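Engineer:
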């Protein structure tokens, strides 16, 4: 498993927690940061998945 996949998953989890906390506290800035972290994590996870696929096919 590629390092990007693990790191991306962690960012995604962190983003979901931050977004939920921002909603609960009414902090729109924290909620937006959480959404951005989630998106960044999903992208990084996808890149890691592509790297894994390339390694398996060669």
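Numbering (the working numbering), first residue to last: 19 to 76.
Glycine included, each C-beta is placed from N, C-alpha and C at the ideal position.
In this text, all values refer to a predicted model and were calculated from it rather than measured experimentally.
Go ahead and pull the three-state DSSP assignment for residue 20.
Structural biologist: coil
Engineer: I think residue 77 touches residue 20, with their Cβ atoms under 8 Å apart; what is that distance to the nearest whole Å?
Structural biologist: Since the first residue shown for the chain is 19 and the last is 76, residue 77 is missing from the structure and cannot be characterised.
Engineer: Going by beta carbon distance, what residues of the same chain come within less than 8 Å of residue 30, once the five residues before and after it are set aside?
Structural biologist: 55, 56, 59, 60 and 63
Engineer: With the cut-off set at 8 Å, would you say residue 52 and residue 67 are in Cβ contact?
Structural biologist: Between residue 52 and residue 67, the gap from beta carbon to beta carbon reaches 8 Å or more.
Engineer: At a threshold of 7 Å, does residue 48 count as lining the ligand HEM (C-beta to nearest heavy atom)?
Structural biologist: Looking at this structure, you won't find the ligand HEM or any other ligand, since it has none at all.
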